[in-house]
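**Student:** Chains as they are written, first to last, in the numbering used here: chain A, 1 to 115; chain B, 1 to 117. Sharing a structure with you now.
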Amino acid sequence: DAGVIQSPRHEVTEMGQEVTLRCKPISGHDYLFWYRQTMMRGLELLIYFNNNVPIDDSGMPEDRFSAKMPNASFSTLKIQPSEPRDSAVYFCASSGWLAGANVLTFGAGSRLTVL
Amino acid sequence: AQSVAQPEDQVNVAEGNPLTVKCTYSVSGNPYLFWYVQYPNRGLQFLLKYITGDNLVKGSYGFEAEFNKSQTSFHLKKPSALVSDSALYFCAVRDNAGGTSYGKLTFGQGTILTVHP
Numbered sequence: 001d002a003g004v005i006q007s008p009r010h011e012v013t014e015m016g017q018e019v020t021l022r023c024k025p026i027s028g029h030d031y032l033f034w035y036r037q038t039m040m041r042g043l044e045l046l047i048y049f050n051n052n053v054p055i056d057d058s059g060m061p062e063d064r065f066s067a068k069m070p071n072a073s074f075s076t077l078k079i080q081p082s083e084p085r086d087s088a089v090y091f092c093a094s095s096g097w098l099a100g101a102n103v104l105t106f107g108a109g110s111r112l113t114v115l
Numbered sequence: 001a002q003s004v005a006q007p008e009d010q011v012n013v014a015e016g017n018p019l020t021v022k023c024t025y026s027v028s029g030n031p032y033l034f035w036y037v038q039y040p041n042r043g044l045q046f047l048l049k050y051i052t053g054d055n056l057v058k059g060s061y062g063f064e065a066e067f068n069k070s071q072t073s074f075h076l077k078k079p080s081a082l083v084s085d086s087a088l089y090f091c092a093v094r095d096n097a098g099g100t101s102y103g104k105l106t107f108g109q110g111t112i113l114t115v116h117p
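See the structure below:
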């Protein structure tokens, strides 16, 4: 398995633009997580899905952020409109019961810079 | 609410010496505890976990961690450090209360481990 695949790896955009980050989880994993990492706030859980259904989105910072999981092999995190304070590394991770409780496999991350 | 504290932002050790990266936690029920490692420009990688059973847990790359319920600690250890162990280490906790808490791993702020040749 190629692991969790995230795209793009790097994104530079201007304030006000829409940003879409993509994630392909490991096949067979039924949990998918979106995290954000910054120097100031560390690693924050934004939202997670179970069997494509959002379970907890309490970490989503505001209405500018939205996440979808239309099927078991794809998820998106969208920011519209983007702001400079959204600059961070966004990680997608997946896990499943066979992998053991909360043994997350992380993608390489998408580094977002909003100018 | 669950929380994790990693009291040291940075730990420096000489190669061949033992290393310890500290972690304390707070949960309302019984904890599930984890250590993850992050190398530069990479995602986090799972090292080891404590769910139940023996307080000493062995994991990848020769690392181990000791669960201490009375001190609410889960320190990461390795008997002999390697330069290649240099990375950012995260402790994480989940309350095993169930329900929507399944996915709610709370991570510490991370500790930068530097192993000098």
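We put the CB at the ideal spot given by N, CA and C, even for glycine. Computed from a prediction, not measured in an experiment: that's the story for all the values here.
Quick one, which of A:I26, A:R9 and A:S27 has its alpha-carbon nearest V19 of chain A's?
**Tutor:** Mapped onto the first sequence, residue 19 of chain A falls at position 19. Nearest C-alpha to V19 of chain A: A:R9.
**Student:** Could you give the distance in angstroms between the alpha-carbon of C91 of chain B and the alpha-carbon of C23 of chain B?
**Tutor:** As a working mapping, residue 91 of chain B is identified with position 91 in the second sequence. As a working mapping, residue 23 of chain B is identified with position 23 in the second sequence. Cα-Cα distance, rounded: 6 Å.
**Student:** Buried or exposed: where does H116 of chain B fall if 16 or more other Cβ atoms within 10 Å of its Cβ makes it buried?
**Tutor:** Residue numbering aside, residue 116 of chain B sits at position 116 when the second sequence is read from its first letter. Label assigned to H116 of chain B: exposed.
**Student:** Taking the beta carbon of P31 of chain B as the centre, do at least 16 other beta carbons fall within 10 Å, making it buried, or is it exposed?
**Tutor:** Position 31 of the second sequence, counted from the first residue, corresponds to residue 31 of chain B. Flag for P31 of chain B reads buried.
**Student:** Give the list of continuous beta strand (DSSP E) stretches no shorter than 3 residues that lie fully inside the segment 28-55 of chain A.
**Tutor:** Counting only runs of 3 or more, we get 31-38 and 42-50.
**Student:** Among all the DSSP beta bridges, which residues are the ones paired with W35 of chain B?
**Tutor:** Here the question's residue 35 of chain B lines up with position 35 in the second sequence. B:L48 and B:C91.
**Student:** May I ask you to report which of helix, strand or coil DSSP gives V11 of chain B?
**Tutor:** Here residue 11 of chain B is taken as the residue at index 11 of the second sequence, counted from 1. In the structure shown, V11 of chain B sits in a strand (DSSP, three-state: E or B).
**Student:** Could you check whether the segment 7-15 of chain B touches the segment 59-76 of chain B, counting it as contact only if at least three pairs of C-beta atoms, one from each stretch, sit closer than 8 Å?
**Tutor:** At 8 Å Cβ cutoff, the stretches do not touch.
**Student:** List the residues that DSSP assigns as beta-bridge partners of C23 of chain B.
**Tutor:** Counted from its first residue, the second sequence places residue 23 of chain B at position 23. Answer is none; C23 of chain B lacks a bridge partner.
**Student:** Pick out whichever of A:P81, A:T38, A:V53 and A:L32 has its Cα sitting closest to the Cα of D63 of chain A.
**Tutor:** As a position in the first sequence, residue 63 of chain A is number 63, starting the count at 1. Of the candidates A:P81, A:T38, A:V53 and A:L32, the one whose C-alpha sits nearest the C-alpha of D63 of chain A is A:P81.
**Student:** If L46 of chain A and F65 of chain A are in contact, beta carbons under 8 Å, what's the gap, nearest whole angstrom?
**Tutor:** By one-based count along the first sequence, residue 46 of chain A stands at place 46. By one-based count along the first sequence, residue 65 of chain A stands at place 65. L46 of chain A to F65 of chain A, Cβ: 7 Å. Contact.
**Student:** With 9 Å as the limit, tell me which residues of the segment 15-49 of chain B have their beta carbon closer than that to any beta carbon of chain A; keep them in chain order.
**Tutor:** Correct list: Y32, F34, Y36, Q38, N41, R42, G43, L44, Q45, F46 and K49.
**Student:** I'd like the span of the beta strand (DSSP E) that includes P70 of chain A, first residue to last.
**Tutor:** Position 70 of the first sequence, counting from 1, holds the residue named residue 70 of chain A. Per DSSP, P70 of chain A belongs to the beta strand (DSSP E) from F65 to N71.
**Student:** Once you ignore the five residues that flank R36 of chain A on each side, which residues in its own chain have a CB closer than 6 Å to its CB?
**Tutor:** As a position in the first sequence, residue 36 of chain A is number 36, starting the count at 1. These residues qualify, in order along the chain: E44, L46, A88 and Y90.
**Student:** Just tell me which of B:L19, B:G110 and B:E66 has its CA closest to the CA of L33 of chain B.
**Tutor:** Counting from 1 along the second sequence, the entry for residue 33 of chain B is found at position 33. Comparing Cα-Cα distances from L33 of chain B to each of B:L19, B:G110 and B:E66, the minimum goes to B:E66.
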